[in-house]
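Number of protein chains: 2
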Amino acid sequence: MGLDHAATKPHEQLAAHLASKMEAVNTLIRARMASRHAPRIPQVTAHLVEAGGKRLRPMLTLAAADLCGYDGEYDVHLAATVEFIHTATLLHDDVVDESAQRRGRPTANLLWDNKSSVLVGDYLFARAFQLMVEPGSLRVLDILANASATIAEGEVLQLTAARDLATTEDIYLQVVRGKTAALFSAATEVGGVIADAPENQIKALFEYGDALGIAFQIVDDLLDYQGDAKATGKNVGDDFRERKLTLPVIKAIAAADTEERAFWKRVIEKGDQRDGDLEHAIGLLNTHGALDQTRQEALEWAARSKTALAALPEHPVRQMLLDLADYVVARVN
Amino acid sequence: MGLDHAATKPHEQLAAHLASKMEAVNTLIRARMASRHAPRIPQVTAHLVEAGGKRLRPMLTLAAADLCGYDGEYDVHLAATVEFIHTATLLHDDVVDESAQRRGRPTANLLWDNKSSVLVGDYLFARAFQLMVEPGSLRVLDILANASATIAEGEVLQLTAARDLATTEDIYLQVVRGKTAALFSAATEVGGVIADAPENQIKALFEYGDALGIAFQIVDDLLDYQGDAKATGKNVGDDFRERKLTLPVIKAIAAADTEERAFWKRVIEKGDQRDGDLEHAIGLLNTHGALDQTRQEALEWAARSKTALAALPEHPVRQMLLDLADYVVARVN
Numbered sequence: 001m002g003l004d005h006a007a008t009k010p011h012e013q014l015a016a017h018l019a020s021k022m023e024a025v026n027t028l029i030r031a032r033m034a035s036r037h038a039p040r041i042p043q044v045t046a047h048l049v050e051a052g053g054k055r056l057r058p059m060l061t062l063a064a065a066d067l068c069g070y071d072g073e074y075d076v077h078l079a080a081t082v083e084f085i086h087t088a089t090l091l092h093d094d095v096v097d098e099s100a101q102r103r104g105r106p107t108a109n110l111l112w113d114n115k116s117s118v119l120v121g122d123y124l125f126a127r128a129f130q131l132m133v134e135p136g137s138l139r140v141l142d143i144l145a146n147a148s149a150t151i152a153e154g155e156v157l158q159l160t161a162a163r164d165l166a167t168t169e170d171i172y173l174q175v176v177r178g179k180t181a182a183l184f185s186a187a188t189e190v191g192g193v194i195a196d197a198p199e200n201q202i203k204a205l206f207e208y209g210d211a212l213g214i215a216f217q218i219v220d221d222l223l224d225y226q227g228d229a230k231a232t233g234k235n236v237g238d239d240f241r242e243r244k245l246t247l248p249v250i251k252a253i254a255a256a257d258t259e260e261r262a263f264w265k266r267v268i269e270k271g272d273q274r275d276g277d278l279e280h281a282i283g284l285l286n287t288h289g290a291l292d293q294t295r296q297e298a299l300e301w302a303a304r305s306k307t308a309l310a311a312l313p314e315h316p317v318r319q320m321l322l323d324l325a326d327y328v329v330a331r332v333n
Numbered sequence: 001m002g003l004d005h006a007a008t009k010p011h012e013q014l015a016a017h018l019a020s021k022m023e024a025v026n027t028l029i030r031a032r033m034a035s036r037h038a039p040r041i042p043q044v045t046a047h048l049v050e051a052g053g054k055r056l057r058p059m060l061t062l063a064a065a066d067l068c069g070y071d072g073e074y075d076v077h078l079a080a081t082v083e084f085i086h087t088a089t090l091l092h093d094d095v096v097d098e099s100a101q102r103r104g105r106p107t108a109n110l111l112w113d114n115k116s117s118v119l120v121g122d123y124l125f126a127r128a129f130q131l132m133v134e135p136g137s138l139r140v141l142d143i144l145a146n147a148s149a150t151i152a153e154g155e156v157l158q159l160t161a162a163r164d165l166a167t168t169e170d171i172y173l174q175v176v177r178g179k180t181a182a183l184f185s186a187a188t189e190v191g192g193v194i195a196d197a198p199e200n201q202i203k204a205l206f207e208y209g210d211a212l213g214i215a216f217q218i219v220d221d222l223l224d225y226q227g228d229a230k231a232t233g234k235n236v237g238d239d240f241r242e243r244k245l246t247l248p249v250i251k252a253i254a255a256a257d258t259e260e261r262a263f264w265k266r267v268i269e270k271g272d273q274r275d276g277d278l279e280h281a282i283g284l285l286n287t288h289g290a291l292d293q294t295r296q297e298a299l300e301w302a303a304r305s306k307t308a309l310a311a312l313p314e315h316p317v318r319q320m321l322l323d324l325a326d327y328v329v330a331r332v333n
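Printed below as a string of structure tokens:
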């Protein structure tokens, strides 16, 4: 933790440091989610955008640009772009997962319908695309186009790997890169590109975002088996009930004996879940050290993200980003 | 009709004239719909891409570039882009409309599931985005970003206007511009832009595509009330059963007396449809001349598209595009 801000969380420090920029991002988001012809669009979007997320991804873009000395205005466009892509992804995810709640509120697909979530998601992708064209940087467009493809590919891979006990750690990593890390790394990378930073710094920003995103998702998946709902806002067992092959389960299955394998087959593959199964599953995760190993991997990715930042200049924001990496894994450490 | 090809349809003439380019487009589409990690993606995409559509939209891009003397290779990228956007839109449309058939075959949402259609659609948008960045033209990206937003906005507008008897002809036109004309006009416009054509020609290509797309959609909506399924591949009454406010119905409602209004309210707004209602509806459309007026509007838009082409140079492709405008409305004339 930075000495000056021992009591403040790193994302709050970033938000304070970037306050005027973040205000500009929020103004731009509100302006661009409007629709002259279809009032359903801002209704659905506002439900999600105003739900009080931490705006971590746009903040990463602003932080990266600031860290590289950018003094223009297009970081705001790119930060809004990143948030729109994230929001569009959430809308489509909730349709695919048939979710009823997000951030403790009913999802858009429940409040309106799946159709609205699909089409408003498409609209937000298109709005993101318009925003990202405005800075006039082909390199930025290339990065965001590639990230979009990685995200979508990761989502499809997650869908086809779902409930498949043969899912490996490699496939898990591919899915996590798609669903989470690709947007983190694109967010930090475009911040460096728009600031015209040296190549080694741009590469370091990509690596920071990539590793931070992976750590973030692994922690999320770990909390699903050992979190405290009050502290983390996650309900233990959601992934289990949705029969997701996350890292702790993949590790436990790899170490399973015949009887345990039959258990995983029944609860994950066949979806035949009974009272006490979640507790039994958590027992198996502990028996094989799967939770500890998963925690260890999250810590390693966080450490990797911090190492990448060594290439960036001394700057208050650099310290906040280092602290952020610690904070992301602090929830499970 | 062109004198040399009196027996050939204009889109077939275009396909013959642009055969080697279209082959390159098909090769590029197949290459880019692949996915190293998620085999579900090419399966779903191939089902739609290989279904034997006319490839009208990519052909328009190639034709526009050819007409403006383009001799590079990026028209192929942009044509593939346009087809990917179209395919992605179809995948999402079928989820939103809960369709079971398209082009006489079961839809992807039926063969796989809605989830696959949503996510593979997103992947194709992302692939389209990658493709369109490659020519390195910010103006092309701007056009396609704006078209994407218009398409999505039109789709949401159609959703919220559905079953609403207050839908006006203005709203109908807005929806049609979104769901159909925006991609036609972007397809022709980017062909001119990539060829570095003079501004007045680029504007004319946009206007041609816009008017052609509107004529195309009005004809489609008209055939839904008076088509011959064998000749047109459309089933009479689909829009009626789905309670869509298309132009013929909007015109008939505007001219309805109290009793007729009650009928439309029952069948469209409330969805209470009984035996004989479709026939009664068609009777009302005829009584008020709604089908004739709709046909007249389609002809006017086709004429407008031909007028726009006056700004383009003499060229065999120009004649084919003129013929195409006639052909699009010939189905109802």
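Going down the list, the protein sequences come from chains A and B.
With full-length UniProt numbering applied, the first sequence covers 1 to 333.
With full-length UniProt numbering applied, the second sequence covers 1 to 333.
Note that the Cβ used here is the ideal one computed from N, Cα and C, for glycine as well.
Which one of the options has the shortest CA to CA distance from residue i?
i: R36 (chain B); options: A:V156, A:F125, A:L91; result: A:V156
i: D94 (chain A); options: A:E314, A:E189, A:L111; result: A:L111
i: A211 (chain B); options: B:A310, B:A298, B:L223; result: B:A298
i: A46 (chain A); options: A:E23, A:A108, A:T180; result: A:A108
i: K251 (chain B); options: B:S137, B:V328, B:R318, B:H288; result: B:H288
i: A195 (chain A); options: A:L67, A:V120, A:K179, A:F240; result: A:L67
i: K9 (chain B); options: B:N333, B:V332, B:V329, B:L324; result: B:L324
i: A303 (chain B); options: B:F240, B:F216, B:Y225; result: B:F216
i: L78 (chain A); options: A:H280, A:E314, A:V193; result: A:V193
i: L28 (chain B); options: B:G69, B:A100, B:A19, B:T81; result: B:T81
i: I218 (chain A); options: A:R241, A:V175, A:E259, A:A204; result: A:V175
i: E279 (chain A); options: A:S116, A:Q158, A:P39, A:Q226; result: A:Q226
With DSSP collapsed to three states, give me the class of residue i.
i: Q130 (chain B); result: helix
i: Q13 (chain B); result: helix
i: Q273 (chain B); result: coil
i: P248 (chain B); result: helix
i: R105 (chain A); result: strand
i: A166 (chain A); result: coil
i: D292 (chain A); result: helix
i: W264 (chain B); result: helix
i: W112 (chain B); result: coil
i: T307 (chain A); result: helix
i: N333 (chain A); result: coil
i: H280 (chain B); result: helix
i: N235 (chain B); result: coil
i: D71 (chain B); result: coil
i: R36 (chain B); result: coil
i: T287 (chain A); result: helix
i: L312 (chain B); result: coil
i: G121 (chain B); result: helix
Are the CB atoms of residue j and residue i within a distance shorter than 9 angstroms?
i: I85 (chain A); j: F125 (chain A); result: yes
i: R127 (chain B); j: A51 (chain B); result: no
i: H11 (chain A); j: K54 (chain A); result: yes
i: D142 (chain A); j: V133 (chain B); result: yes
i: L165 (chain A); j: W264 (chain A); result: yes
i: I268 (chain A); j: L285 (chain A); result: no
i: G154 (chain A); j: T188 (chain A); result: no
i: L222 (chain B); j: R295 (chain B); result: yes
i: N146 (chain B); j: A88 (chain B); result: no
i: D122 (chain B); j: A162 (chain A); result: no
Could you give the first and the last residue of the continuous alpha helix (DSSP H) run that contains residue i?
i: Q319 (chain A); result: 316-330
i: E203 (chain A); result: For clarity, residue 203 (chain A) is Lys in the given sequence; the question names Glu instead. Taken as a continuous stretch (DSSP letters only), the alpha helix (DSSP H) holding K203 (chain A) covers 199-226.
i: P58 (chain A); result: 56-67
i: T150 (chain A); result: 138-161
i: S185 (chain A); result: 182-194
i: T27 (chain B); result: 19-32
i: T89 (chain B); result: 74-97
i: D239 (chain B); result: 238-241
i: H47 (chain B); result: 40-49
Which whole-angstrom value is the C-beta distance of residue i and residue j, which I expect to be below 8 angstroms?
i: R57 (chain A); j: F184 (chain A); result: 7 angstroms
i: A63 (chain B); j: L321 (chain B); result: 6 angstroms
i: A204 (chain B); j: A311 (chain B); result: 4 angstroms
i: L119 (chain B); j: V96 (chain A); result: 6 angstroms
i: P135 (chain A); j: Y70 (chain A); result: No, P135 (chain A) and Y70 (chain A) are not in contact; Cβ-Cβ is about 11 angstroms, not under 8 angstroms.
Just to check, is the beta-carbon of residue i closer than 8 angstroms to a non-hydrogen atom of the ligand MG?
i: V328 (chain A); result: Annotation note on the ligand MG: not contained in the displayed structure, which lists no ligands.
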